[in-house]
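Note that the sequence shown covers residues 1 to 218 in this note's numbering.
Where a beta carbon is used, it is the ideal one built from N, C-alpha and C, also for glycine.
Remember, it's a predicted structure, so these values are computed and weren't measured experimentally.
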Amino acid sequence: MTTDVILGLLWRSFWETIWMTAASGLLSLVIGLPLGLAIVVTGRGGIAEQPAINSVLAALVNGFRAVPFVILLIALIPLTRLIVGTALGTTAAIVPLTIAAIPYYARIAEVSLREVDRGLIDAVRAMGGNRWTIIREVLVPEAMPGIVAGFTVTLVTLIGASAMAGTIGGGGLGDLAIRYGYQRFETGVMIAVVIVLIILVCGMQWLGDRLANRLDRR
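This is the structure in structure tokens:
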């Protein structure tokens with residue numbers, strides 16, 4: 001296989017991985033953050049304590065997190081076909097990636113939100129602030145560095161999961177490594193994929209850390 005062909009395959013697979021990671025990452029942020037917030041505010045001592053709701057949400061999150069991604073990938077094939085129309089390709093891989101990432105990020109966001117100083121919440125309450133004011137002005141802004149850092153970790157995890165999705169034809173760098181690097185014994189392709197993944201992960205982590213540090217008010 002010539003260098004030009006390898007570079008072409010790498011370029012296409014790179015953008016497929018970016019597409020899968022970005023789409024599932026955005027959905028996990030949009031759904032996972034409110035879910036984590038709901039677990040915190042309805043939990044014991046929360047600003048809207050609801051033990052029954054909290055137990056249901058926690059059970060759902062724990063249930064999905066307990067399933068290994070490879071099993072989830074296969075188990076969700078009927079749902080993926082229902083939503084996308086096919087179980088193969090990069091767009092199809094977004095469905096299991098998103099469902100796996102939502103509970104993962106929800107727990108990370110929950111940890112960050114629980115670390116917010118209780119004194120700040122009590123101070124806003126004392127000034128007449130309602131629940132939405134506390135969420136908007138205290139919980140989310142104060143937890144933002146942790147939320148961003150957790151989202152970065154989620155994106156890095158999704159890159160690894162997207163590579164795993166290549167085992168069932170999900171496309172991206174994982175699919176390239178399996179089809180050419182492993183099945184066709186193209187060692188150069190395998191090495192190139194590993195290098196690209198390392199650069200991608202390191203670059204994403206660096207950007208996420210920089211943003212989290214800028215948002216840190218301490």
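Between the segment 129–141 and the segment 183–197, are three or more C-beta pairs nearer than 8 Å?
-> no
Going by CA-CA distance only, name the one from 17, 144 and 86 that's closest to residue 109.
-> Numbered from 1 along the sequence shown, position 109 holds the residue referred to as residue 109. That would be 144, whose Cα lies nearest to the Cα of residue 109.
Measure how close the beta-carbons of residue 76 and residue 53 come, nearest whole angstrom, since I'm counting them as under 8 Å.
-> Start at 1 with the first residue of the sequence shown, and residue 76 comes out as number 76. Start at 1 with the first residue of the sequence shown, and residue 53 comes out as number 53. That pair is no contact at about 26 Å.
Expressed to the nearest angstrom, what Euclidean distance is found between the alpha-carbon atoms of residue 150 and residue 38?
-> Along the sequence shown, read from residue 1 onward, the residue named residue 150 stands at position 150. Along the sequence shown, read from residue 1 onward, the residue named residue 38 stands at position 38. Cα-Cα distance, rounded: 17 Å.
Apart from the five residues on each side of it in sequence, which residues of its chain come closer than 7 Å, Cβ to Cβ, to residue 14?
-> Here the question's residue 14 lines up with position 14 in the sequence shown. 173 and 196.
Step through the CB atoms of chain C and report whether any lies within less than 9 Å of the CB of residue 15.
-> The chain inventory of the structure shown lacks chain C, comprising one protein chain alone.
Helix, strand or coil: which one does DSSP assign to residue 86?
-> Residue mapping note: residue 86 aligns to position 86 of the sequence shown, counting from 1. Three-state result, residue 86: coil.
Keeping to the same chain, check which residues put their C-beta closer than 8 Å to that of residue 61; ignore five residues upstream and five downstream.
-> Looking up residue 61 in the sequence shown gives position 61. Once the five neighbours on either side are set aside, the close Cβ partners of residue 61 are 35, 39, 103, 106 and 107.
Under the three-state reduction of DSSP, which class applies to residue 130: helix, strand or coil?
-> Stepping through the sequence shown from its first residue, residue 130 is reached at position 130. DSSP places residue 130 in coil when its eight states are reduced to three.
Run of the alpha helix (DSSP H) containing residue 205, from where it starts to where it stops = Position 205 of the sequence shown, counted from the first residue, corresponds to residue 205. From DSSP, the alpha helix (DSSP H) with residue 205 extends over 187–215.
With distances taken from CA atoms, which of 90, 134, 51 and 50 is nearest residue 17?
-> In the sequence shown, the residue the question calls residue 17 occupies position 17. Selected option, being the one with the closest Cα: 90.
Residue environment, residue 193, which counts as buried when at least 16 other CB atoms sit within 10 Å | Taking the first residue of the sequence shown as 1, we reach residue 193 at position 193. Residue 193 is buried by the Cβ-count criterion.
Considering only C-alpha positions, which residue in the set 120, 101, 212 and 48 is nearest to residue 30?
-> For this step, residue 30 is matched to residue 30 along the sequence shown. Ranking 120, 101, 212 and 48 by Cα distance to residue 30 puts 101 first.
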